[in-house]
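Those protein sequence lines, which keep their order, are chains A, B, C and D.
The working numbering applies: residue 494 is where the first sequence begins, and numbers increase by one.
The working numbering applies: residue 494 is where the second sequence begins, and numbers increase by one.
The working numbering applies: residue 641 is where the third sequence begins, and numbers increase by one.
The working numbering applies: residue 2 is where the fourth sequence begins, and numbers increase by one.
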Amino acid sequence: MFKAKIFIKRRRTILDPQGKAVELGIKSLGFENIKNVRIDKFIEFEIDEVDEEKVRNEVDKICDSLLANPHLEDYYFELEKI
Amino acid sequence: MFKAKIFIKRRRTILDPQGKAVELGIKSLGFENIKNVRIDKFIEFEIDEVDEEKVRNEVDKICDSLLANPHLEDYYFELEKI
Amino acid sequence: MNEIEVTLDLALKHGLTEEEFERVKKFLGRIPNYTELGCYSVMWSEHCSYKNSIALLKTLPRSGGRLLVQAGEENAGLVDIGDGFAVAFKIESHNHPSAVEPYQGAATGVGGILRDIFTMGARPIAALDSLRFGDLKNPKTKFLLNGVVKGIGDYGNCFGVPTVAGEVYFEEAYQDNCLVNAMAVGIVKTNRIAKAVAKGKGNPVFIVGSSTGRDGIHGATFASEELSDETESRRSNVQVGDPFAEKLLLEATLEIIKKDLIVGIQDMGAAGIICSTSEMSARGNSGMRIDLDLVPLREDNMSAYEILLSESQERMLVVGKKGCEEEIKKVFEKWDLQCLKIGEVIENDLLEFYKDGKLEAKLPASSLVLGGGAPVYYREWKEPEYFKQLSSIDLSNLPEIRDLNAALLKLLSSPNITNKNWIYHQYDYTVGTNTVIQPGCDAAVIRIKKTNKAIAVKTDCNGRYVYLNPRRGTMIAVAESARNVACTGAIPIAITNCLNFGNPYDKEIYWQFKEAIEGMKEACIVFDTPVTGGNVSFYNESKNHTVYPTPVIGMLGLIENVIHITSSYFKDEGDLIYLLGETAPEIGGSEFLKEFFNKVEGDIPQINLKFEKHLIDTLISLIQKGFIKSAHDLSDGGLAVAIAECCIMNRKKKIGAEIN
Amino acid sequence: MKFGVVIFPGSNCDYDTYYFLKFVLGVETIFLFHKENSLQGADVIILPGGFSYGDYLRTGAIAKFSPIMKEVINFANKGGLVIGICNGFQILCESGLLPGALTKNNTLKFVCYSQNLKVVNNKTFFTNNYQMNEVISMPIAHGEGNYIIDNDGLKDLYDNDQIILKYCDEFGNITQESNPNGSIDNIAGICNKNGNVFGLMPHPERCGEPIFGNTDGIKIFESILNK
């Protein structure tokens, strides 16, 4: 059994309105020394499979076809044997 | 200068309709051996401050008061000197 | 960037023809540098210059009646509705970006059309979406439909404009090229109308709203090119919409107009800074000196070329009144928006763009714009064979349909006719507390606060009809949208249009375009509904599909007194049902023919425009006399479907009908 | 009786609420911009619907730090009347004036239609004009109306009679099918222990005029006026 930890990150060149608004929020709290706020997705799930290589391909396919939007996002992931 | 990497994770006891929907999506791609899909937030930003202790307190306060909702979410973060 | 040597080959790569490259050299008296070439390439693209359509568009009735501005003069059409109010409205397409990334494509389409409205000082009070996709059974269609509907909903709902009407069709012809047309309607006091003009030597020029990134560079030219693998790779990153920033931009814009602090304002749509600076200058026959170093950027080391052509969203260009600079800045500060002075107006017809102290581009403003130096072409056309072939097919010997009940159920469940509340329940259609007739009826009705009036709005076009007979099909589209608003008690007063066609350099496609414009002209004259402006979207085709010619009509109707507002569904037992107009055995290009025989052929229904106008006038006078409890237009699916709809639409009461 | 309608960046029902109070009900109403730090003597504060700060991060998450909110919290803690409509309800939960939290609809889709509601507590400042268990209908329009609270919190709500409105069908039955967003126990509106802070997801200001064929929303404000 493996646990996949996947980061879906919006490409840095693409506008992140949410990051912009949260930066505004943090500053309104009085923390002026903050910049480049980015909000991204962190997805976890378990895969009932023993062969790590097979798991890696499977997770890669899942990210590429469903979890990440190729026009806006990049992804990377770590696997943990549980 | 530090970089904060913050994980905002929905408490496991609380239903996550988004996680459920993504699980259905993955299964519809033919991957039956997947379970416990969780969608959480990953937030990054830079802090212009040298003293690590001060940075740690600042990030903690930001998470506690804004980034995480105590009713729903827990948070933990890592700091990286850049 | 400017060291790049500008050759004919580079100009061709930018989408300019050889003659157009020569024309640029004539205007400048020299070879353009790389930045200047980029400016001409995007300003003379089909999307911005309308070069292959403006000649024909000018033949449409574009003034008179209640129009306050001539079509094309301003960012949107403007119609006087009395009581000191005017309505601004327009429809635009975002087809190509939505085919690539449906959510952001549709969302930025809505954002763009909303800016066209509030740049005139009007507060948007209604939005409509006219959509066309491929076959619903195709997974790609489901992906596009979900993305587009969510994009429209998220943007409109967050911005706070009710999305109240529209239509969606599923046809094989749109498989590779979905059509996403967004319409917006706004209300403005006639003494608070803002102009998109730059004049007055020394007046400050501001860029306001979001920062500038590399979004959608070549966005304009991208929209004027067929979707092929080649364009896929060349396009730079996708434009992303921020409805929250747009709402702040709306409030700040209306405030500086109300406080009379500005000379002119224009939103930044296709071709961003170069388009707004050149169009505003040309309208005021003046020029601008701009320092690009002062433009707030989202990405580092952007070149002058990229800054001028970037299509980052939620930005406007403002020409302020000299001396009001601080007050203007204060308003934008109040709304947490950037507002930076990037230059000033100069006397002569010249745009000078500086970067790092160097003059990067020097161009006559008028040479860039539609109506100025942009080329105008008169394309040839050729009637395609399919036209006579298909319209002469005799449909009288089709096999008899025995079980009419099953037939009606089959029609009612066809994707083009069935109930669309799955879509509009994702839209907020009650924000603004003005929506009297909600989505699902013939047209949406929006009351105008502080008056006794209301307006009816609707979009219509049957692509199959226009394919089979472009002229008569377009007449039918105008007539149907007029009938739809009349059913709510409104007098049709003006239209906007979004002309979705294939490649204009293909003679047969241009024949479709020419015929459609002819049909629209005749119908608009008879219905006295002038064209207030709109949008042309060519190149809606790909390797193996060309879309049906789809001239979407956006109709505006006026209800003088809210007591005349009429909904579409049957009300009470014992009410009498009347059919107005004549019925003829016409099923050419019908939904029935498509659903039962999978055919798109035959001669489409005849139309007598004078009779249609008489029918509409009669219906409205009957409503005004208080004789009518509901009215519904017959369109896809004919009488049987219309009667069924009149019963089903009554949510509160089960009701039926007996017809002889 | 003076009403104060707060404007956050991204509120979009502020003018709707203002128009309804001032021109339909004819009561004195002022706008309170979020950067101000005085309630200018308003007797009732309304946090209107909309997408404050674009509802980024979490709905209402950022609005609670606006200067005006400090004043609203003090005003509420001293017993002043506060109503949070839709996004306003989310802001009241985020700022701790009301318990629990509003999360994504279980359908993951925005929902907009006329929704039946049951008045399960008509002994409050905001609902004393309705009959007990009266079935009314109000427009809803939200993407994050799924109210959640832990078991102890829920028990508290019942023990202190803090649940005011529940989603129901046209006959008043509290059913799963009539629940538009997955809210626990079909909760649509609650108040705080003291009963002076009221949050609800439906929009009363959108059903206050006969032209819309539904005036069920008026009684919320009429309840306050003859308090």
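Every residue gets a Cβ at the ideal spot worked out from N, C-alpha and C, and that includes glycine.
Just so you know, these numbers come straight off a predicted model, no measurement behind them.
**Message:** Less than 8 Å between the beta carbons of L754 of chain C and P764 of chain C, yes or no?
**Reply:** The sequence position of residue 754 of chain C within the third sequence is 114, counting from 1. The sequence position of residue 764 of chain C within the third sequence is 124, counting from 1. Going by C-beta atoms, L754 of chain C is nearer than 8 Å to P764 of chain C.
**Prompt:** So does the region 982–996 of chain C actually touch the region 922–930 of chain C, counting three or more Cβ pairs closer than 8 Å?
**Reply:** yes
**Request:** Find the nearest neighbour of G796 of chain C within the set C:G1011, C:P1110 and C:Y1069, judged by alpha-carbon distance.
**Result:** Locating residue 796 of chain C in the third sequence gives position 156, counting from the first residue. Checking every option, the nearest Cα to that of G796 of chain C belongs to C:Y1069.
**Message:** Give me the chain D residues within the contact set of C979 of chain C, using Cβ-Cβ distance strictly less than 7 Å, ordered along the chain.
**Reply:** The residue labelled residue 979 of chain C in the question sits at position 339 within the third sequence. Result: empty, since nearest Cβ-Cβ is about 15 Å, beyond 7 Å.
**Prompt:** Apart from the five residues just before and just after S1036 of chain C, which ones in its own chain have a Cβ nearer than 8 Å to its Cβ?
**Reply:** Indexing the third sequence from 1 puts residue 1036 of chain C at position 396. Correct list, in chain order: P1225.
**Inter-residue spacing [alpha-carbon to alpha-carbon] between R875 of chain C and V958 of chain C** = Counting from 1 along the third sequence, the entry for residue 875 of chain C is found at position 235. Counting from 1 along the third sequence, the entry for residue 958 of chain C is found at position 318. Because R875 of chain C carries a pLDDT of 44, less than 50, the predicted location of this residue cannot be relied on, and the following value inherits that uncertainty. The straight-line gap from Cα to Cα measures roughly 29 Å.
**Prompt:** Helix, strand or coil: which one does DSSP assign to K496 of chain B?
**Reply:** Within the second sequence, residue 496 of chain B is the residue found at index 3, counting from 1. Correct three-state label for K496 of chain B: strand.
**Cβ neighbours of F101 of chain D in the same chain (closer than 7 Å, five flanking residues each side left out)** = Along the fourth sequence, one-based indexing puts residue 101 of chain D at 100. Going by the sequence as given, residue 101 of chain D is Gly instead of Phe. Within the same chain, G101 of chain D has close Cβ partners C94, Y148, I149, I150 and G154.
**Prompt:** How would you list, in chain order, the residues of chain B whose beta-carbon sits under 7 Å from the beta-carbon of E551 of chain A?
**Reply:** For the purposes of this step, residue 551 of chain A is taken as the residue at position 58 of the first sequence. Those are F524, listed as they occur along chain B.
**Request:** With a threshold of 16 other CB atoms inside 10 Å of the CB of H1254 of chain C, please say whether the residue is buried or exposed.
**Result:** Walking along the third sequence from the start, residue 1254 of chain C turns up at place 614. Exposed is the call here.
**Prompt:** Is there at least one Cβ from chain C nearer than 8 Å to L565 of chain A's Cβ?
**Reply:** What you label residue 565 of chain A is simply residue 72 of the first sequence in a count that begins at 1. Yes - at least one Cβ of chain C is within 8 Å of the one on L565 of chain A.
**Request:** Please determine, among C:D933, C:L1274, C:P1004 and C:I1283, the residue with the shortest C-alpha to C-alpha distance to S851 of chain C.
**Result:** Numbered from 1 along the third sequence, position 211 holds the residue referred to as residue 851 of chain C. It is C:D933 whose Cα lies nearest to the Cα of S851 of chain C.
**Request:** Give the straight-line distance between the Cα atoms of A1282 of chain C and H1272 of chain C, rounded to the nearest whole angstrom.
**Result:** Residue mapping note: residue 1282 of chain C aligns to position 642 of the third sequence, counting from 1. Residue mapping note: residue 1272 of chain C aligns to position 632 of the third sequence, counting from 1. In a straight line, the C-alpha of A1282 of chain C is about 7 Å away from that of H1272 of chain C.
**Message:** Against chain A, which members of the region 43–67 of chain D pass a CB distance test of less than 8 Å?
**Reply:** Y54, G55, Y57, L58, A62, I63, F66 and S67
**Prompt:** Which chain D residues are close to V515 of chain A, counting only those with a beta carbon under 9 Å from its beta carbon?
**Reply:** Here residue 515 of chain A corresponds to residue number 22 of the first sequence, with the count starting at 1. Within chain D, the residues near V515 of chain A are Y54, Y57, L58, A62 and I63.
**Item:** Cutoff 6 Å; reference G512 of chain A; Cβ partners in own chain excluding five residues on either side
**Value:** Position 19 of the first sequence, counting from 1, holds the residue named residue 512 of chain A. Correct list, in chain order: V530, R531 and I532.
**Asked** Cβ atoms of I540 of chain A and N526 of chain B: under 8 Å apart, would you say?
**Response** Taking the first residue of the second sequence as 1, we reach residue 526 of chain B at position 33. Taking the first residue of the first sequence as 1, we reach residue 540 of chain A at position 47. Cβ atoms of N526 of chain B and I540 of chain A: closer than 8 Å.
**Message:** Pull the bridge partners of N821 of chain C from the DSSP assignment, please.
**Reply:** Along the third sequence, one-based indexing puts residue 821 of chain C at 181. According to DSSP, N821 of chain C bridges with C:S733 and C:S770.
**Asked** When the Cβ atoms of the region 178–185 of chain D are set against those of the region 1109–1124 of chain C, are three or more pairs found closer than 8 Å?
**Response** Cβ pair count under 8 Å is below three, so no.
**Request:** Please classify F884 of chain C: is it buried, with 16 or more other beta-carbons within 10 angstroms of its beta-carbon, or exposed?
**Result:** In the third sequence, counting from the first residue as 1, residue 884 of chain C sits at position 244. Answer is buried; the Cβ neighbour count reaches 16.
**Asked** So the beta strand (DSSP E) K574 of chain A belongs to, where does it begin and stop?
**Response** Sequence index remark: in the first sequence, residue 574 of chain A carries index 81 (1-based). From DSSP, the beta strand (DSSP E) with K574 of chain A extends over E566 to K574.
**Prompt:** Are the beta-carbon atoms belonging to L991 of chain C and S921 of chain C less than 8 Å from one another?
**Reply:** Here the question's residue 991 of chain C lines up with position 351 in the third sequence. Here the question's residue 921 of chain C lines up with position 281 in the third sequence. Contact flag set, yes.
**Prompt:** For the ligand MN, any of its heavy atoms closer than 7 Å to the Cβ of G523 of chain A?
**Reply:** No copy of the ligand MN appears in this structure; indeed no ligand is present at all.
**Between the CA atoms of I982 of chain C and V935 of chain C - distance to the nearest angstrom** = For the purposes of this step, residue 935 of chain C is identified with residue 295 of the third sequence, where counting begins at 1. For the purposes of this step, residue 982 of chain C is identified with residue 342 of the third sequence, where counting begins at 1. When rounded, the distance between both Cα atoms is 6 Å.
**Asked** chain D beta carbons: is any one of them nearer than 8 Å to that of I532 of chain A?
**Response** Residue mapping note: residue 532 of chain A aligns to position 39 of the first sequence, counting from 1. Yes, I532 of chain A counts as interfacial toward chain D.
**Item:** Euclidean distance between Cα positions of C1164 of chain C and T1099 of chain C
**Value:** The residue given as residue 1164 of chain C occupies position 524 in the third sequence. The residue given as residue 1099 of chain C occupies position 459 in the third sequence. Rounded to whole angstroms, C1164 of chain C to T1099 of chain C spans 15 Å at the Cα level.
**Request:** Measure the beta-carbon distance from L977 of chain C to L890 of chain C and round it to whole angstroms, keeping in mind my assumption that it falls under 8 Å.
**Result:** Locating residue 977 of chain C in the third sequence gives position 337, where the first residue counts as 1. Locating residue 890 of chain C in the third sequence gives position 250, where the first residue counts as 1. The beta-carbon distance between L977 of chain C and L890 of chain C, rounded to whole angstroms, is 11 Å. This is too long to meet the 8 Å contact definition.
**Asked** Got a sec: is the Cβ-Cβ distance from I507 of chain A to anything in chain C below 8 Å?
**Response** Along the first sequence, one-based indexing puts residue 507 of chain A at 14. In terms of beta-carbon proximity, I507 of chain A lines the interface with chain C, with at least one pair separated by less than 8 Å.
**Asked** Where does Q177 of chain D land, buried or exposed, given buried means 16+ other C-beta within 10 angstroms?
**Response** Stepping through the fourth sequence from its first residue, residue 177 of chain D is reached at position 176. In summary, Q177 of chain D is exposed, with fewer than 16 beta-carbon neighbours lying within 10 Å of its beta-carbon over all protein chains present.
**Prompt:** For a contact meaning CB atoms closer than 7 Å, what does D541 of chain A contact in chain B?
**Reply:** The sequence position of residue 541 of chain A within the first sequence is 48, counting from 1. Per Cβ cutoff of 7 Å: N526.
**Item:** Touching by the beta-carbon criterion (3+ pairs, under 8 Å), the region 783–790 of chain C and the region 729–742 of chain C
**Value:** As far as the Cβ criterion goes, the region 783–790 of chain C touches the region 729–742 of chain C, which means the pair count is three or higher.
**Prompt:** When the Cα atoms are used, what is the spatial distance from D509 of chain B to K1060 of chain C?
**Reply:** What you label residue 509 of chain B is simply residue 16 of the second sequence in a count that begins at 1. What you label residue 1060 of chain C is simply residue 420 of the third sequence in a count that begins at 1. Rounded to whole angstroms, D509 of chain B to K1060 of chain C spans 28 Å at the Cα level.
**Request:** Buried or exposed for M494 of chain B, please, with buried defined as at least 16 other CB atoms from any protein chain shown within 10 angstroms of its CB.
**Result:** The residue labelled residue 494 of chain B in the question sits at position 1 within the second sequence. M494 of chain B should be labelled exposed.
**Prompt:** The alpha helix (DSSP H) spanning P1045 of chain C covers which residue range?
**Reply:** Stepping through the third sequence from its first residue, residue 1045 of chain C is reached at position 405. Note on identity: in this sequence residue 1045 of chain C is Asn, with Pro being the wrong assignment. Taken as a continuous stretch (DSSP letters only), the alpha helix (DSSP H) holding N1045 of chain C covers L1044 to L1052.
**Asked** On the premise that T1172 of chain C lies in contact with V719 of chain C, defined as a C-beta separation below 8 Å, what is that separation, rounded to the nearest angstrom?
**Response** Taking the third sequence and counting its residues from 1, the one referred to as residue 719 of chain C is at position 79. Taking the third sequence and counting its residues from 1, the one referred to as residue 1172 of chain C is at position 532. Confirmed, Cβ separation roughly 7 Å.
**Asked** On the three-state DSSP scale, how would you describe Y131 of chain D?
**Response** Here the question's residue 131 of chain D lines up with position 130 in the fourth sequence. In this structure, Y131 of chain D counts as coil in the three-state DSSP scheme.
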